[in-house]
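Novice:
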Amino acid sequence: MLRRLHPQQPLCFSFTAANQAWAEAQMTKFPEGRQASAIIPLLWRAQEQEGWLTRPAIERVAEMLDMAYMRALEVASFYFMFQLQPVGSMAHFQICGTTTCMICGAEDLVAVCREKIAAKPHEISPDGKFSWEEVECLGACANAPMAQVGKDYYEDLTAARLGEIIDEIAAGQIPEPGPQNGRFAAEPLAGLTSLTAHAVGREALNASVGLASVQGDTLKRIDGSELPLIMPWLISASQMPASNPAATMGPATLAKARDGGPDKLTKVKGIGPKLQELLFSMGFFHFDQIASWDASQVAWVDENLVGFKGRASRDDWVAQACSLSGSNVGGVE
Numbered sequence: 001m002l003r004r005l006h007p008q009q010p011l012c013f014s015f016t017a018a019n020q021a022w023a024e025a026q027m028t029k030f031p032e033g034r035q036a037s038a039i040i041p042l043l044w045r046a047q048e049q050e051g052w053l054t055r056p057a058i059e060r061v062a063e064m065l066d067m068a069y070m071r072a073l074e075v076a077s078f079y080f081m082f083q084l085q086p087v088g089s090m091a092h093f094q095i096c097g098t099t100t101c102m103i104c105g106a107e108d109l110v111a112v113c114r115e116k117i118a119a120k121p122h123e124i125s126p127d128g129k130f131s132w133e134e135v136e137c138l139g140a141c142a143n144a145p146m147a148q149v150g151k152d153y154y155e156d157l158t159a160a161r162l163g164e165i166i167d168e169i170a171a172g173q174i175p176e177p178g179p180q181n182g183r184f185a186a187e188p189l190a191g192l193t194s195l196t197a198h199a200v201g202r203e204a205l206n207a208s209v210g211l212a213s214v215q216g217d218t219l220k221r222i223d224g225s226e227l228p229l230i231m232p233w234l235i236s237a238s239q240m241p242a243s244n245p246a247a248t249m250g251p252a253t254l255a256k257a258r259d260g261g262p263d264k265l266t267k268v269k270g271i272g273p274k275l276q277e278l279l280f281s282m283g284f285f286h287f288d289q290i291a292s293w294d295a296s297q298v299a300w301v302d303e304n305l306v307g308f309k310g311r312a313s314r315d316d317w318v319a320q321a322c323s324l325s326g327s328n329v330g331g332v333e
């Protein structure tokens, strides 16, 4: 499905102080130069802050991660969890419409949304409080039909109960999530038929519903104040033993090619003209140089090939260079 940015966009976006600190912390999870790996959590936090993902938010995240705007837009438009249009100020309803839910009455739930929220998906209700959409499987097939509202699932729904939930939220209440027909979780409607001993003395609510009830944050957007910001991955990294210095040393290089000029490194599979120029700039001009690399030196080259990391080992340059130079020196086993 083609997804476009909403035609009406705010002029700018900036993270709140708490969200900015959180976003910067996520970027430290990844090695230098790989910060783009944090794009999904950062886009998600931007959406949590605003309710939907705006163009300025996408561009701001791209700038933080040193990515082209288009690359960030590709991610935002690919994943349907990102809302590219405004949503209701109080709640956005995601109605599962896949096979099991459809058979069990999802179309009736959609009809309720059309009647009580808006005639079309992704439209906002006249009071600005609600919006809705039909989504693919949310993974609660044993409790069909169901919907996700905010952070939580409302399962075993009927059209009447969904209408009540909408009214309760509009009145400022938070309906209890989970099964809406008296089930504890996903056991048979008539009661347990096996492991019946577990029904005695159990908690009134299953773990997911119990936590949602205690937290009371079903509809609350994450703002960074929920938990203290901790970065255990940095602690773990600082406690790691020092690496072997020899493993970080690169191969011997040359200031310039030997008499007769450099070898045509593009004969090695995986080395094109641009990569050949990079290797020349690093001091690698000849097949026998590459053929002499040991495993640690290949690892060093892999890490220092800017824009081409991992190519030396992936394409087994050493073996190819040995063949091209007629040398059997070095090599990676």
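The opening position of the sequence shown corresponds to residue 1 in the working numbering, with each subsequent residue numbered one higher. C-beta: ideal position from N, C-alpha, C; glycine also.
(1) Do three or more CB pairs link the segment 72–90 to the segment 122–140 at distances below 8 Å?
(2) Secondary structure at Phe287, three-state DSSP: helix, strand or coil?
(3) Return the first residue and the last residue of the beta strand (DSSP E) that Tyr154 is part of.
(4) What does the Cβ neighbour count give for Asp152, buried or exposed, with the cut at 16 atoms within 10 Å?
(5) Apart from the five residues just before and just after Gln276, which ones in its own chain have a Cβ nearer than 7 Å to its Cβ?
(6) Where does Ser208 sit, in a helix, a strand or coil, going by DSSP?
(7) Across which residues does DSSP place Gly178 in a beta bridge pair?
(8) Does the count of Cβ pairs from the segment 223–230 and the segment 2–20 closer than 8 Å reach three?
(9) Assuming Trp132 and Ala118 form a contact by the criterion Cβ under 8 Å, report the distance between their Cβ atoms to the nearest whole angstrom.
(10) In this structure, how does DSSP classify Ala255 when only helix, strand and coil are distinguished?
(11) With DSSP as the reference, identify every bridge partner of His122, one or two as the case may be.
(12) Starting from Gln148, trace the beta strand (DSSP E) both ways and give me its first and last residue.
(13) Closest to Pro145 by CA distance: which of Leu205, Cys101, Ile166 is it?
(14) Less than 8 Å between the beta carbons of Leu109 and Ala147, yes or no?
(15) From Gly250 to Cys322, what does the alpha carbon distance come to, in whole angstroms?
Specialist: Let's see:
(1) yes
(2) Within the sequence shown, residue 287 is the residue found at index 287, counting from 1. If DSSP states are grouped into helix, strand and coil, Phe287 belongs with the helices.
(3) Sequence index remark: in the sequence shown, residue 154 carries index 154 (1-based). Unbroken beta strand (DSSP E) run through Tyr154: 152–155.
(4) Here the question's residue 152 lines up with position 152 in the sequence shown. The residue in question, Asp152, is buried, as its Cβ has 16 or more Cβ neighbours within 10 Å.
(5) One-based indexing of the sequence shown puts residue 276 at position 276. Only Leu265, Thr266 meet the Cβ criterion.
(6) If you number the sequence shown from 1, residue 208 lands on position 208. Helix, per DSSP.
(7) Translated into the one-based positions of the sequence shown, residue 178 becomes position 178. Per DSSP, Tyr154.
(8) yes
(9) Numbered from 1 along the sequence shown, position 132 holds the residue referred to as residue 132. Numbered from 1 along the sequence shown, position 118 holds the residue referred to as residue 118. Indeed they touch by this definition, with Cβ atoms about 7 Å apart.
(10) Residue mapping note: residue 255 aligns to position 255 of the sequence shown, counting from 1. It is coil, neither helix nor strand.
(11) Here residue 122 refers to the residue found at position 122 of the sequence shown. Partner(s): none; His122 has no beta bridge.
(12) Within the sequence shown, numbered from 1, the residue matching residue 148 stands at position 148. Its beta strand (DSSP E) spans residues 147–149.
(13) Residue numbering aside, residue 145 sits at position 145 when the sequence shown is read from its first letter. Out of Leu205, Cys101, Ile166, Cys101 has the C-alpha closest to the C-alpha of Pro145.
(14) Within the sequence shown, numbered from 1, the residue matching residue 109 stands at position 109. Within the sequence shown, numbered from 1, the residue matching residue 147 stands at position 147. Their beta carbons are under 8 Å apart, which means Leu109 touches Ala147 by this criterion.
(15) Here residue 250 is taken as the residue at index 250 of the sequence shown, counted from 1. Here residue 322 is taken as the residue at index 322 of the sequence shown, counted from 1. For Gly250 and Cys322, the distance between alpha carbons rounds to 19 Å.
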